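Below is one structure, written out as structure tokens; the observations come after it.
Protein chains: 2
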Amino acid sequence: MTHPSELPETGCFSSHARLVRSLLREATDATLATLDLNTGHPFASLIQIATLPSAAPCFLISGLAQHTKNLAADPRSSILIDCRRQAKDDAATARVTLVGSAQRLTGPDDVTARERFLSRHPAAEPYAGFGDFSVWSLLLARAHLVAGFGRIRSIAGDDVELGALCECVAEKEAESISQLRNETQTSLDRLATRIIGWDIEGIDMAARNGPIRLAFGEPRLTPEAALAEARSAVQQFIARA
Amino acid sequence: MTHPSELPETGCFSSHARLVRSLLREATDATLATLDLNTGHPFASLIQIATLPSAAPCFLISGLAQHTKNLAADPRSSILIDCRRQAKDDAATARVTLVGSAQRLTGPDDVTARERFLSRHPAAEPYAGFGDFSVWSLLLARAHLVAGFGRIRSIAGDDVELGALCECVAEKEAESISQLRNETQTSLDRLATRIIGWDIEGIDMAARNGPIRLAFGEPRLTPEAALAEARSAVQQFIARA
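Protein chains in written order, with this note's numbering: chain A, 8 to 248; chain B, 8 to 248.
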């Protein structure tokens, strides 16, 4: 990752917005805070997460669980990402609270989110089809980033979510992944690794010990540029392994 | 730890209440959920925790932090303990949400909590004396335990907190720790380990890689019985090391 001081200080590609997205992309689990539908107490619980191409977090939860009942009654919620288990560099001490409204996904959004979630959490596959399980996403109002002791920033939700910016690449996600797999799968098979996700800032891989994020040096805003960068990232990954 | 099926199903020494306390005693950090004082959204943030002799969680936080401002406006809160990083046995997949009201400690309660917190988190010592830092505890209303997939239990706060039961031992905490240190410190010094906490169900030690919990097989309800059990636990620890 480029050093934060070289990046703009505001907007979608500011150092802080990029750090927040990088924490989101690396995370496999998180804490969800909802409002208890009976008492109004905040209720903290554990969830597994994935991201949409926009970087918005998505999660598969059971209608039988307390947090899901709470969200159905009041969608206000937050998600804490604490990457100290997985991360390196900047992220080593960083954590972020994402505040917003949870929404149950339907139609094509549900299909995309479910696919990205299950490729990241294959152990959830056996119960993902149960009628009480549904996929939700957090519509971000703001992010509260703690990048280290006393280094606290508030970032607008619109600056964290990539929105329309990610669509040019997201549209070709399946095609690009398929092309890159054709080029590299023999080497990746040897490493028991598989490409599972794709966005303008990097790719996600499934590996034996959990997902791996290969971040691009800079955002790539066309499918061609993203594919070239992804190809180079995968080749470097194979060379280093 | 005794196998849960051998333990009573209700009350303070039920298998579930004991598992909740065991998660609390092992934890070093947790997620705090508070209510945003401006928007009412639940707000999840990271805290370091310790326990009081009663097993109630306590934490040192800065008045400048968002969660502290939220608690000052509305004490309703919850704490998620997810021990998967530290734990073994039953605790490997278990996590618990503790729901209640946070209270700022004062007087002797503040002294006890601060001492237990700082011996568990010595890195907090440099700023613990700053005027904006205060120690809080959670007055438990209930615990929501997820002991595994689908194994969910709700436990009354009174069954989690040891209350008066812990006092006979807590009163002699300093004296008993001091006696046990005299007996064992030479061996513990060699292991770079130190006894830092004491309650009716076990003792806490500080070690190079973080705190260690030595749990008793059964609760010990007199200072003498607790001291005998602690002595045996420490000797076993030294022998195994």
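For each residue, glycine too, the CB sits at the ideal point set by N, CA and C.
Source: prediction; values computed, not measured.
Thinking just about the alpha-carbon of each residue, which of the options is nearest to the one in residue i?
i: leucine 195 of chain B; options: B/Arg127, B/Phe244, B/Ile159; result: B/Phe244
i: glutamate 190 of chain B; options: B/Ser161, B/Leu31, B/Ala237; result: B/Ala237
i: arginine 25 of chain A; options: A/Gln55, A/Asp166, A/His74; result: A/Asp166
i: threonine 35 of chain A; options: A/Asp43, A/Pro129, A/Ser61; result: A/Pro129
i: leucine 30 of chain A; options: A/Ala235, A/Gly114, A/Arg220, A/Arg188; result: A/Arg220
i: proline 218 of chain A; options: A/Ile88, A/His74, A/Leu125, A/Ser84; result: A/Leu125
i: glutamine 73 of chain A; options: A/Asp211, A/Thr41, A/Ser239, A/Asp117; result: A/Thr41
i: glutamate 168 of chain B; options: B/Asn45, B/Ala37, B/Ser22, B/Leu59; result: B/Leu59
i: aspartate 43 of chain B; options: B/Leu78, B/Ser61, B/Gln55, B/Arg28; result: B/Leu78
i: phenylalanine 223 of chain A; options: A/Arg215, A/Trp205, A/Gly155, A/Asn216; result: A/Trp205
i: glutamine 242 of chain A; options: A/Pro133, A/Thr100, A/Ile210; result: A/Ile210
i: arginine 121 of chain A; options: A/Ala240, A/Ile203, A/Ser22; result: A/Ile203
i: leucine 228 of chain A; options: A/Ser61, A/Val27, A/Glu33, A/Thr38; result: A/Ser61
i: proline 230 of chain B; options: B/Arg197, B/Glu182, B/Arg247, B/Ala135; result: B/Glu182
i: glycine 107 of chain A; options: A/Phe66, A/Ala101, A/Pro82; result: A/Pro82
i: glycine 138 of chain A; options: A/Cys19, A/Ile68, A/Ala37; result: A/Ile68
i: alanine 135 of chain A; options: A/Glu180, A/Thr200, A/Gly18, A/Asp117; result: A/Asp117
i: alanine 163 of chain B; options: B/Ile184, B/Leu146, B/Gly70; result: B/Leu146
i: asparagine 216 of chain A; options: A/Cys65, A/Cys19, A/Arg201; result: A/Arg201
i: serine 141 of chain B; options: B/His151, B/Pro133, B/Arg111; result: B/Arg111
i: alanine 148 of chain A; options: A/Pro64, A/Thr75, A/Ile207; result: A/Pro64
i: threonine 119 of chain A; options: A/Val103, A/Ala101, A/Ser144; result: A/Ser144
i: lysine 76 of chain A; options: A/Gly114, A/Ala109, A/Ala37, A/Ala154; result: A/Ala109
i: glutamate 33 of chain B; options: B/Ala214, B/Leu152, B/Ala150, B/Ala57; result: B/Ala57
i: histidine 151 of chain A; options: A/Gln186, A/Val103, A/Ile184, A/Ser185; result: A/Val103
i: glycine 155 of chain A; options: A/Thr100, A/Pro133, A/Val27, A/Arg28; result: A/Thr100
i: isoleucine 159 of chain A; options: B/Ala213, B/Leu71, B/Val153, B/Asn45; result: B/Leu71
i: valine 153 of chain A; options: A/Gln186, A/Gln55, A/Leu105; result: A/Leu105
i: isoleucine 207 of chain A; options: A/Ile184, A/Ala214, A/Leu39; result: A/Ile184
i: alanine 232 of chain B; options: B/Met212, B/Ala213, B/Pro133, B/Glu180; result: B/Glu180
Does the ligand PLP have a heavy atom nearer than 7 Å to the CB of residue i?
i: isoleucine 68 of chain A; result: By its list of ligands, the structure shown contains no ligand whatsoever, and the ligand PLP lies outside what it can speak to.
Helix, strand or coil: how does DSSP classify residue i here?
i: arginine 155 of chain B; result: Checking the sequence shown, residue 155 of chain B turns out to be glycine, not arginine. Three-state result, glycine 155 of chain B: strand.
i: serine 61 of chain A; result: coil
i: glycine 114 of chain A; result: helix
i: leucine 169 of chain B; result: coil
i: phenylalanine 124 of chain B; result: helix
i: threonine 119 of chain B; result: helix
i: alanine 94 of chain B; result: Because the pLDDT at alanine 94 of chain B is just 46, under 50, the model does not fix this residue reliably, and the point stays unresolved.
i: leucine 78 of chain A; result: helix
i: alanine 101 of chain A; result: coil
i: alanine 131 of chain A; result: helix
i: glycine 164 of chain B; result: helix
Drop a sphere of 10 angstroms on the beta-carbon of residue i, count the other beta-carbons inside from all chains shown, and report buried for 16 or more, exposed for fewer.
i: lysine 95 of chain B; result: Bear in mind that a pLDDT of 48 at lysine 95 of chain B, under 50, signals an unreliable position, so the number given afterwards is only what the model happens to contain. By the neighbour-count rule (16 or more Cβ atoms within 10 Å), lysine 95 of chain B is not buried but exposed.
i: alanine 80 of chain B; result: exposed
i: glutamate 178 of chain A; result: exposed
i: aspartate 89 of chain B; result: buried
i: serine 84 of chain A; result: buried
i: threonine 193 of chain B; result: exposed
i: serine 22 of chain B; result: buried
i: alanine 235 of chain A; result: exposed
i: alanine 246 of chain B; result: exposed
i: isoleucine 86 of chain A; result: buried
i: arginine 197 of chain B; result: exposed
i: alanine 240 of chain A; result: buried
i: serine 161 of chain B; result: exposed
i: alanine 248 of chain B; result: exposed
i: proline 115 of chain B; result: exposed
i: alanine 199 of chain B; result: exposed
i: phenylalanine 66 of chain B; result: buried
i: arginine 28 of chain B; result: buried
i: arginine 292 of chain B; result: Since the first residue shown for chain B is 8 and the last is 248, residue 292 of chain B is missing from the structure and cannot be characterised.
i: proline 226 of chain B; result: buried
Between the stretch 41-54 of chain A and the stretch 47-55 of chain B, do three or more beta carbon pairs fall short of 8 Å?
-> yes
Ranges of the alpha helix (DSSP H) found wholly within the stretch 175-248 of chain A, counting only runs of at least 4 = 180-197, 230-247
Are at least three pairs of beta-carbons, each pair with one atom in the stretch 167-177 of chain A and one in the stretch 126-143 of chain A, less than 8 Å apart?
-> no
With 9 Å as the limit, tell me which residues of the stretch 122-133 of chain A have their beta carbon closer than that to any beta carbon of chain E; keep them in chain order.
-> You won't find chain E in this structure, because its protein chains are A and B.
Alpha helix (DSSP H) runs contained entirely in the stretch 14-62 of chain A, provided each spans 4 or more residues | 22-33
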